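Notes for the one structure printed next.
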Amino acid sequence: MKILVVDDEPDVVESVRIGFTLHWREIEVLGATSGEQALDAVESEHPDIVLLDIGLPDIDGFEVLRRIRDFSDVPVVMLTARDDSMDKVKGLELGADDYVTKPFNHLELMARVRAVLRRLSMPTPTSRAPSFRWLDLEVDFARQEARLKGERLELTPTEYKLLYHLVRNQGHVLQHGTLLAKVWGREYVDEVDYLRVYIRRLRDKLDDDPDNPHYIRTERGLGYRFLAPDPAR
Amino acid sequence: MTPEATQASPLALAALAVVADGATATELEQRFDAAGARLADGTAQRLLDQLAGLGLIRAASPGRFVPTSIGQRRIADQRPLGDDETHRLAELERLRTDLLSTIAHELRTPLTAVRTSVGLLQDTHRAPDEGQRQTLLATIERNADRMQRLVGDILELARFRSGTVKLQLRRFDARRLAAAAAESVAPLAAAANQRIAVDAPDRPVWVFGDHRRLEQALVNLLSNAQKYSPDGSGIRLRVSHAGDEVAWSVTDEGPGIRPGDRARLFERFFVGRNDRGGGAGVGLGLPTALAIAQAHGGRVEVDTAPGSGSTFTLAVPAQGPEGEAEA
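Sequence order for the protein chains is A and B. In terms of the working numbering, the first sequence opens at residue 1 and continues consecutively. In terms of the working numbering, the second sequence opens at residue 1001 and continues consecutively.
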């Protein structure tokens, strides 16, 4: 297991390093104190997960994340001293997997990292149920893929999981907490921002006009509902 | 901030009076409507954004605005806002927002190092070994120092600005102050292979001033030079005496200061772009140095050009502030 910690403050890198070394067996902690160093390390060292500070001296952490995503799907947890929702949403939209606000302690951080790794290693839900077809969408549960107008959709594992649970519960409202627990894990039941970002991403892929979604309806204050096919059709 | 937000229109001021008891954009529209003045779509929100940009109102809860203390005074005054005042308010509001986010960042990062280290030391389940304990304790001490310094600097600067600082004046040799300041920055310079050369006259250069605070001002100038200069470069500290004035000049081989940054150098929490990264400043050093110089009746001057280094000069009257030298 190899983890890359990116923070311009060497003391933060060092204390995080000691924490992981004590708690996890066979872990290698790499440190970087600038965006350039971080990009080099991701490219040459292939870490299993990256903890990335937003406030770096040379390149903004968001920009580092964008560049990482050009060539790597490594899980990224953003670290930040600003706790506003805009930053969180921006990070998630750029492809971050999670977000931890400073000041944190080592137990909170490790719990977050474990949750991200567990989520990404969870098997994609599969089912022997027949494929679901409605309008232009087809979800093949056995092959774990979705097609729109016959074309295979490029979905990330998280996007597929979210679509899977919505479709399997078609016609029923899935509450925010329920969806978050099913897709992200129980620690995430209050992270409604995560859900909003991913629902938006799904709609971008499913609908020509994501502002007038055909498939996933927002149930204000409650959750989301995958619209049920009309039985008469 | 948009240019629009820096000009408070008469309409915005009418809106301010309407918001006196707190209002949302919809309520604002309704109250204008009731008074026979229909607002175009989106105008109510724009007026609220404008007033918030001037620090005259703030959101008490999402979407609901109330007047700030400045806003309340303004409502009581019933005076129109002049252009100058509008600009000043907009600038103040921008500084206040920047200041809060900078303080948040500057405190949260050392706080993270402290919390993580304390957590590890308390963790009996997976206790750190002796070497790790020492590292963690040193981390806590270093970061506690850093937070203490930051809080101290903010308070000191606030005291200077409110004019409540009492200088501790005495006569001393400006060359010795230069040597002491150079010595305290030397470890940081050495770590970056930089040399600090002190260039001073052979004879004592007497000055009447607050030794501790002038040393602090000079240390601030030297650490700036250190932070903004490349590894292995030289920093020159020159002591001089001309007329009634004693001056310490710090010259670096850094990248110089961009014209756009120059005007903002003495602004609190302004940090220039040419930083080396790692241990970058907080942006209190130069404003503090300037406040100390001014309290002595002196000044801080900058001579710089992009690409050819910078010289910062701290100059004070040799006889002390307003001729306070001993008889």
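Don't be surprised by glycine CBs; every beta carbon is placed ideally from N, CA and C. Note that the structure is predicted; figures quoted are calculated from it, not measured.
State the start and end residues of the unbroken beta strand (DSSP E) segment that holds residue i.
{"i": "Gly91(A)", "result": "Careful: Gly91(A) lies outside any beta strand (DSSP E), inside the alpha helix (DSSP H) at Ser85 to Glu93."}
{"i": "Thr1024(B)", "result": "Taken as a continuous stretch (DSSP letters only), Thr1024(B) belongs to no beta strand (DSSP E), as it is neither H nor E."}
{"i": "His1296(B)", "result": "Note, His1296(B): premise wrong, no beta strand (DSSP E); not H, not E."}
{"i": "Gln175(A)", "result": "Val173 to Gln175"}
{"i": "Arg147(A)", "result": "Glu145 to Leu148"}
{"i": "Arg968(B)", "result": "The structure shown has nothing for residue 968(B), since chain B only spans 1001 to 1327."}
{"i": "Ser1336(B)", "result": "For residue 1336(B) there is no data in the structure shown, the boundaries of chain B being 1001 and 1327."}
Taking the alpha-carbon positions, what's the residue i to residue j distance?
{"i": "Thr1026(B)", "j": "Ile216(A)", "result": "29 Å"}
{"i": "Glu1322(B)", "j": "Gly1297(B)", "result": "7 Å"}
{"i": "Asn1220(B)", "j": "Arg1212(B)", "result": "12 Å"}
{"i": "Ser1249(B)", "j": "Val1198(B)", "result": "10 Å"}
{"i": "Phe62(A)", "j": "Leu94(A)", "result": "7 Å"}
{"i": "Pro1067(B)", "j": "Ala1014(B)", "result": "13 Å"}
{"i": "Ser34(A)", "j": "Arg147(A)", "result": "41 Å"}
{"i": "Ile59(A)", "j": "Gln1319(B)", "result": "48 Å"}
{"i": "Arg1058(B)", "j": "Ala1052(B)", "result": "6 Å"}
{"i": "Arg25(A)", "j": "Arg1126(B)", "result": "12 Å"}
{"i": "Glu1141(B)", "j": "Arg1133(B)", "result": "12 Å"}
{"i": "Glu1192(B)", "j": "Tyr1228(B)", "result": "Before going on, a small fix: residue 1192(B) reads as Ala here, not Glu. When rounded, the distance between both Cα atoms is 11 Å."}
{"i": "Asp211(A)", "j": "Val1118(B)", "result": "48 Å"}
{"i": "His1087(B)", "j": "Ala1181(B)", "result": "39 Å"}
{"i": "Pro1062(B)", "j": "Leu179(A)", "result": "26 Å"}
{"i": "Ala1225(B)", "j": "Gly1254(B)", "result": "7 Å"}
{"i": "Phe1160(B)", "j": "Ala1295(B)", "result": "8 Å"}
{"i": "Gln957(B)", "j": "Arg1074(B)", "result": "As shown, chain B starts at 1001 and ends at 1327. That puts residue 957(B) outside it, with no answer to give."}
{"i": "His23(A)", "j": "Val100(A)", "result": "19 Å"}
{"i": "Gly1279(B)", "j": "Thr1288(B)", "result": "Legend: pLDDT at Gly1279(B) = 43, less than 50; position of this residue unreliable, no value from coordinates given."}
{"i": "Gly171(A)", "j": "Leu162(A)", "result": "15 Å"}
{"i": "Ala1158(B)", "j": "Asp1210(B)", "result": "18 Å"}
{"i": "Leu135(A)", "j": "Leu92(A)", "result": "29 Å"}
{"i": "Glu219(A)", "j": "His176(A)", "result": "10 Å"}
{"i": "Asp1173(B)", "j": "Gly19(A)", "result": "50 Å"}
{"i": "Glu159(A)", "j": "Asp190(A)", "result": "19 Å"}
{"i": "Glu154(A)", "j": "Asp140(A)", "result": "14 Å"}
{"i": "Val5(A)", "j": "Val116(A)", "result": "15 Å"}
{"i": "Arg67(A)", "j": "Ala1263(B)", "result": "34 Å"}
{"i": "Leu56(A)", "j": "Glu36(A)", "result": "10 Å"}
For residue i, which residues in chain B fall below 8 Å Cβ to Cβ?
{"i": "Ala111(A)", "result": "Per Cβ cutoff of 8 Å: no residues; Ala111(A) is ~12 Å from chain B at best."}
{"i": "Lys102(A)", "result": "Arg1108, Thr1109, Leu1111 and Thr1112"}
Please identify the residue among the options whose C-alpha is closest to the C-alpha of residue i.
{"i": "Leu227(A)", "options": "Gly19(A), Thr156(A) and Arg133(A)", "result": "Arg133(A)"}
{"i": "Pro47(A)", "options": "Gly91(A), Arg67(A) and Met1(A)", "result": "Met1(A)"}
{"i": "Val42(A)", "options": "Pro75(A), Val12(A) and Ser15(A)", "result": "Pro75(A)"}
{"i": "Ala1044(B)", "options": "Arg1064(B), Ala1060(B) and Gly1055(B)", "result": "Arg1064(B)"}
{"i": "Pro213(A)", "options": "Arg203(A), Met86(A) and Arg114(A)", "result": "Arg203(A)"}
{"i": "Pro10(A)", "options": "Thr1109(B), Glu1091(B), Arg1238(B) and Val1316(B)", "result": "Thr1109(B)"}
{"i": "Asp1231(B)", "options": "Leu1188(B), Leu1214(B), His1241(B) and Leu1265(B)", "result": "Leu1188(B)"}
{"i": "His1105(B)", "options": "Ile1070(B), Leu1089(B), Thr1139(B) and Arg1146(B)", "result": "Arg1146(B)"}
{"i": "Arg119(A)", "options": "Pro103(A), Val77(A) and Val183(A)", "result": "Val183(A)"}
{"i": "Ala1242(B)", "options": "Ala1200(B), Pro1010(B) and Pro1259(B)", "result": "Ala1200(B)"}
{"i": "Ser44(A)", "options": "Ile3(A), Asp136(A), Arg186(A) and Leu155(A)", "result": "Ile3(A)"}
{"i": "Ala1291(B)", "options": "Leu1011(B), Glu1156(B) and Glu1093(B)", "result": "Glu1156(B)"}
{"i": "Glu1258(B)", "options": "Asp1244(B), Thr1304(B) and Glu1267(B)", "result": "Looking at the sequence shown, residue 1258(B) is not Glu but Arg. It is Thr1304(B) whose Cα lies nearest to the Cα of Arg1258(B)."}
{"i": "Gly1152(B)", "options": "Val1207(B), Gln1216(B) and Leu1177(B)", "result": "Gln1216(B)"}
{"i": "Asp1261(B)", "options": "Leu1286(B), Ala1247(B) and Arg1238(B)", "result": "Leu1286(B)"}
{"i": "Ser1310(B)", "options": "Pro1204(B), Gly1234(B), Ala1040(B) and Asp1021(B)", "result": "Gly1234(B)"}
For a contact meaning CB atoms closer than 8 Å, what does residue i contact in chain A?
{"i": "Pro1128(B)", "result": "Ile18 and Leu22"}
{"i": "Gly1119(B)", "result": "Gly19, Asn105, His106 and Leu107"}
{"i": "Thr1139(B)", "result": "Asp11, Glu14 and Ser15"}
{"i": "Arg1142(B)", "result": "Asp11"}
{"i": "Leu1188(B)", "result": "Here the premise fails: no neighbours, minimum Cβ distance about 14 Å."}
{"i": "Arg1115(B)", "result": "Pro103, Phe104 and Asn105"}
With respect to the alpha helix (DSSP H) encompassing residue i, which residues constitute its N-terminal and C-terminal limits?
{"i": "Phe20(A)", "result": "Pro10 to His23"}
{"i": "Tyr1228(B)", "result": "His1211 to Tyr1228"}
{"i": "Tyr215(A)", "result": "Element bounds for Tyr215(A): n/a, residue is neither H nor E."}
{"i": "His165(A)", "result": "Pro157 to Arg168"}
{"i": "Val5(A)", "result": "Note, Val5(A): premise wrong, no alpha helix (DSSP H); beta strand (DSSP E) at Lys2 to Val6."}
{"i": "Tyr198(A)", "result": "Val192 to Leu206"}
{"i": "Asp1049(B)", "result": "Thr1043 to Gly1053"}
{"i": "Val113(A)", "result": "His106 to Ser121"}
Residues of chain A with a CB under 9 Å from the CB of residue i: which are they?
{"i": "Gln1132(B)", "result": "Ile18, Thr21 and Leu22"}
{"i": "Thr1026(B)", "result": "Simply none; closest approach about 17 Å."}
For residue i, return the contacting residues in chain B, with the cut-off set at a CB-CB distance below 9 Å.
{"i": "Arg82(A)", "result": "Ser1101, Ala1104, His1105 and Arg1108"}
Which chain B residues sit within Cβ distance under 7 Å of residue i?
{"i": "Gly55(A)", "result": "His1105"}
Applying a beta-carbon distance threshold of less than 7 Å, which residues of chain A neighbour residue i?
{"i": "Arg1258(B)", "result": "Neighbours of Arg1258(B) on chain A: none; closest Cβ ~17 Å, over 7 Å."}
Inset, instruction - Identify every run of the alpha helix (DSSP H) within the segment 1065-1148 of chain B, keeping only runs that are complete inside it and at least 4 residues long; order them along the chain. - result: 1069-1077 and 1083-1122
Inset, instruction - For the segment 1-18 of chain A, enumerate the residues whose C-beta is nearer than 7 Å to any C-beta of chain C, in chain order. - result: Looking at the structure shown, chain C is missing, and the protein chains on hand are A and B.
Legend entry - Uninterrupted beta strand (DSSP E) stretches inside the segment 49-86 of chain A (no shorter than 3 residues): 49-53 and 76-80
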